[in-house]
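J.: Everything in the sequence shown is counted per our numbering, starting at 384 for the first residue and increasing by one. Every residue, glycine too, gets a C-beta built ideally from N, C-alpha and C.
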Amino acid sequence: MNVLVVDDDYISRTAVARTLEKGGYQVTTANDGQMALDLFHQHHFQMVVTDWEMPRISGIELCKAIRKLSPRRYIYCIIVTARDRAADTAAGFAGGTDDYITKPFNPHELLMRVGVGRRIVQLESANMTIFALAKLAESRDPETGAHLERVQRYCRILAEHLQRNPRFADKVNDDYVDLICRTSPLHDIGKVSIPDNILLKPGRLTKEEFDVMKTHTVRGAETIESLLHEFPNTCFLKMALNIIISHHEKWDGSGYPHGLVGQQIPLCGRIMAIADVYDALTSKRVYKEAFSHERAKSIIVGDSGTHFDPDMVDAFVAMEEEFVTIASRFAEPLSPNVTPQTDLSPVPTPTSGTIENATIAPIASTPPSLEPA
384 MNVLVVDDDY
394 ISRTAVARTL
404 EKGGYQVTTA
414 NDGQMALDLF
424 HQHHFQMVVT
434 DWEMPRISGI
444 ELCKAIRKLS
454 PRRYIYCIIV
464 TARDRAADTA
474 AGFAGGTDDY
484 ITKPFNPHEL
494 LMRVGVGRRI
504 VQLESANMTI
514 FALAKLAESR
524 DPETGAHLER
534 VQRYCRILAE
544 HLQRNPRFAD
554 KVNDDYVDLI
564 CRTSPLHDIG
574 KVSIPDNILL
584 KPGRLTKEEF
594 DVMKTHTVRG
604 AETIESLLHE
614 FPNTCFLKMA
624 LNIIISHHEK
634 WDGSGYPHGL
644 VGQQIPLCGR
654 IMAIADVYDA
664 LTSKRVYKEA
674 FSHERAKSII
684 VGDSGTHFDP
694 DMVDAFVAME
704 EEFVTIASRF
714 AEPLSPNVTP
724 QTDLSPVPTP
734 TSGTIENATI
744 APIASTPPSL
754 EPA
């Protein structure tokens with residue numbers, strides 16, 4: 384990790400730099416805030432450790448400037464200062480710093496705090512990579528348009544409705560609603576592994592092609608699983624994994640990739656199934672026109688207890704006006720000369736699978752066990 388150390392005092396600057404270098408960090412130094420900003424334009428830093436009181440630009444002003452320069456990339460900022468009053472600490476955090484160390488600093492404490500910052504920066508980078516994959520998967524299919532935005536909103540209103548249902552009070556709280564809203568756009572990141580001749584085929588897939596298409600759930604889950612090995616207690620990644628691997632499972636066990644039945648399917652996957660199918664039905668594709676809301680509703684209600692969890696269908700019906708509003712607000716312009724077809728894909732062959740109440744097993748052979756309901 385590249386760290387920029389800023390301090391107008393040579394002794395302090397050198398002490399911090401040497402401590403971090405011994406900890407394995409790549410360090411660049413600056414003797415004031417202006418020099419730090421100049422270096423920031425020239426190099427890719429993930430963290431800044433800066434003194435507070437410096438000529439021209441203070442450490443707090445430097446943190447604010449860095450935030451403006453990198454709105455899409457999070458830079459972790461630590462202030463090292465002799466100030467130790469509570470009011471100073473509050474002012475530092477209000478100014479945009481992430482952590483605060485008083486002088487004279489303890490080398491072990493400095494390395495521990497920088498280590499915390501490093502984990503946060505790495506996780507932030509991982510999240511940005513995942514979302515980039517989500518947008519890449521979406522961009523490969525020119526017809527998906529605002530699919531991610533619509534699905535994200537469908538998931539939110541379904542989860543909010545379940546939150547008001549006493550039967551789901553122990554599972555769906557404000558944090559759950561926020562998590563499913565944030566992670567739902569990742570549901571199809573595995574499609575980056577699907578060949579264009581299959582992903583973009585203007586018609587029904589053969590059985591062999593559909594078998595390849597179905598692997599997007601496993602490929603996407605493997606991407607998240609690799610991150611979970613490094614960040615095993617991250618709720619964001621856990622829910623993302625469950626959504627990706629289970630949103631094509633069906634209530635009666637005929638879905639894929641593991642043929643889960645009923646409540647074996649994670650709740651977030653059951654919510655996503657409704658959102659994803661509704662959006663697919665009401666969106667135009669090269670092989671079909673967009674279905675009306677009433678037709679999509681009829682299909683979903685008709686599949687209650689087979690494809691979909693009946694409770695999720697009830698939630699969908701209760702919130703259908705909001706679905707119509709979202710579909711209208713984020714609608715794609717319809718183009719003429721589309722030949723409608725109704726048979727979208729072959730029916731997948733169900734496979735058996737159960738949820739293990741243990742650590743995460745290999746995705747390709749065993750379904751995840753992170754959220755059993």
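(1) Could you spell out where the beta strand (DSSP E) holding Thr412 opens and where it closes?
(2) Apply the 10 Å Cβ neighbour rule to Pro693 and answer buried if 16 or more other Cβ atoms are within range, or exposed otherwise.
(3) If you draw a straight line from the alpha carbon of Arg396 to that of Gly498, how long is it in whole angstroms?
(4) If the criterion is Cβ atoms closer than 9 Å, does the pair Arg523 and Asp579 meet it?
(5) CB-CB under 8 Å to Ile443, same chain, minus the five flanking residues each way: which ones, in chain order?
(6) Can you name the residues that DSSP bridges to Asn385?
(7) For Ile648, I'd like the list of residues in its chain whose CB is within less than 6 Å of its CB, leaving aside the five on either flank, ordered along the chain.
(8) Could you check whether Ile607 and Leu588 sit closer than 9 Å to each other, using their CB atoms as the reference points?
(9) Is the distance from the Cβ of Ala517 to the Cβ of Leu506 below 9 Å?
(10) If you draw a straight line from the alpha carbon of Asp686 to that of Ile627, how long is it in whole angstroms?
(11) According to DSSP, is Asp434 part of a helix, a strand, or is it coil?
(12) Straight-line CA distance for Met384 to Pro487?
(13) Report yes if the CB atom of Pro490 is closer than 9 Å to the CB atom of Thr402, and no otherwise.
(14) For Ser675, count neighbouring C-beta atoms within 10 Å of its own C-beta (all shown protein chains included) and say buried if the count is 16 or more, exposed if not.
(15) With a threshold of 16 other CB atoms inside 10 Å of the CB of Ile449, please say whether the residue is buried or exposed.
(16) Restricting to Cα atoms, I'd like to know which of Asp594, Glu521, Gly636 and Asn414 is closest to His570.
(17) Could you check if Gln409 is buried or exposed, using at least 16 other CB atoms within 10 Å of its CB as the buried criterion?
(18) Give the single residue among Ile540, Pro549, Leu420 and Arg501 whose Cα lies nearest to the Cα of Met702.
(19) Where do the N-terminal and C-terminal ends of the alpha helix (DSSP H) with Ile628 fall, by residue?
(20) Would you mind stating whether Asp558 and Cys651 have Cβ atoms separated by less than 9 Å?
(21) Rounding to the nearest angstrom, what Cα-Cα distance links Thr742 and Asn625 in this structure?
(22) Excluding the 5 residues preceding and the 5 following Gly736 in the sequence, name in chain order all residues of the same chain whose CB lies nearer than 6 Å to its CB.
(23) Taking only three categories from DSSP, how would you classify Arg668?
(24) With a CB to CB cut of under 6 Å and the five nearest residues on each side skipped, what residues in its chain are close to Gln425?
(25) Since Thr566 and Met511 are thought to touch, with beta carbons under 8 Å apart, how far apart are those beta carbons, to the nearest angstrom?
(26) Are the beta-carbon atoms belonging to Tyr661 and Phe614 less than 9 Å from one another?
(27) Which word fits Leu445, buried or exposed, when buried means at least 16 other C-beta atoms lie within 10 angstroms of its C-beta?
(28) Tell me the rounded alpha-carbon separation between Ala679 and Leu664.
(29) Do the CB positions of Asn414 and Val386 come within less than 9 Å of each other?
(30) Could you tell me if Lys574 is buried or exposed, where buried requires 16 or more neighbouring beta carbons within 10 angstroms of its beta carbon?
(31) Give the single residue among Asp392, Pro585 and Asp659 whose Cα lies nearest to the Cα of Lys671.
(32) Cβ atoms of Ser666 and Ala656: under 9 Å apart, would you say?
T.: The structure says:
(1) Per DSSP, the unbroken beta strand (DSSP E) holding Thr412 starts and ends at Gln409 to Ala413.
(2) The residue is exposed, with fewer than 16 neighbouring Cβ atoms inside 10 Å.
(3) Per the coordinates, the alpha-carbon of Arg396 lies some 19 Å from the alpha-carbon of Gly498.
(4) Their beta carbons are under 9 Å apart, which means Arg523 touches Asp579 by this criterion.
(5) Cβ neighbours of Ile443 within its own chain (closer than 8 Å, five residues either side excluded): Trp435, Ile462, Ala474, Gly475, Gly478, Gly479 and Thr480.
(6) Gln409, per the DSSP bridge assignment.
(7) Its chain contains Ser629 and Glu632 as the residues whose beta carbon lies nearer than 6 Å to that of Ile648, once the 5 sequence neighbours on both sides are disregarded; these appear in chain order.
(8) Their beta carbons are not under 9 Å apart, which means Leu588 does not touch Ile607 by this criterion.
(9) No. Outside cutoff.
(10) The alpha-carbon atoms of Asp686 and Ile627 are separated by roughly 21 Å.
(11) Strand at Asp434.
(12) Those two C-alpha atoms are separated by around 24 Å.
(13) Their beta carbons are under 9 Å apart, which means Pro490 touches Thr402 by this criterion.
(14) Exposed.
(15) By the neighbour-count criterion, in which 16 or more other beta carbons inside 10 Å mark a residue as buried, Ile449 falls on the buried side.
(16) Out of Asp594, Glu521, Gly636 and Asn414, Glu521 has the C-alpha closest to the C-alpha of His570.
(17) Under this definition Gln409 is an exposed residue.
(18) When the alpha-carbon of Met702 is set against those of Ile540, Pro549, Leu420 and Arg501, the nearest one is in Ile540.
(19) Cys618 to Ser629 is the span of the alpha helix (DSSP H), which, as asked, contains Ile628.
(20) Not closer than 9 Å, so no.
(21) Unreliable placement is indicated for Thr742, whose pLDDT of 29 sits below 50; the coordinate value is still reported in the next sentence. Looking at the two C-alpha atoms, the distance is approximately 14 Å.
(22) Reliability fails at Gly736, whose pLDDT of 30 lies under 50, so the model's placement of it is uncertain and the value that follows must be treated cautiously. Excluding residues within five positions, the ones whose Cβ falls inside 6 Å are His641, Gly642, Leu643 and Pro750.
(23) Arg668 falls in the strand class under three-state DSSP.
(24) Apart from the 5 residues on each side of it in sequence, Gln425 has no Cβ closer than 6 Å to any other Cβ in its chain.
(25) So it is not a contact: roughly 14 Å between Cβ atoms.
(26) No, they are not a contact pair.
(27) It is buried - the Cβ of Leu445 has at least 16 other Cβ atoms within 10 Å.
(28) In this structure, the alpha-carbon of Ala679 lies about 6 Å from that of Leu664.
(29) 9 Å or more divides the Cβ of Asn414 from the Cβ of Val386.
(30) Buried, because 16 or more other Cβ atoms sit within 10 Å of the Cβ of Lys574.
(31) Closest option to Lys671, Cα to Cα, is Pro585.
(32) In this structure, the beta-carbon distance from Ala656 to Ser666 does not fall below 9 Å.
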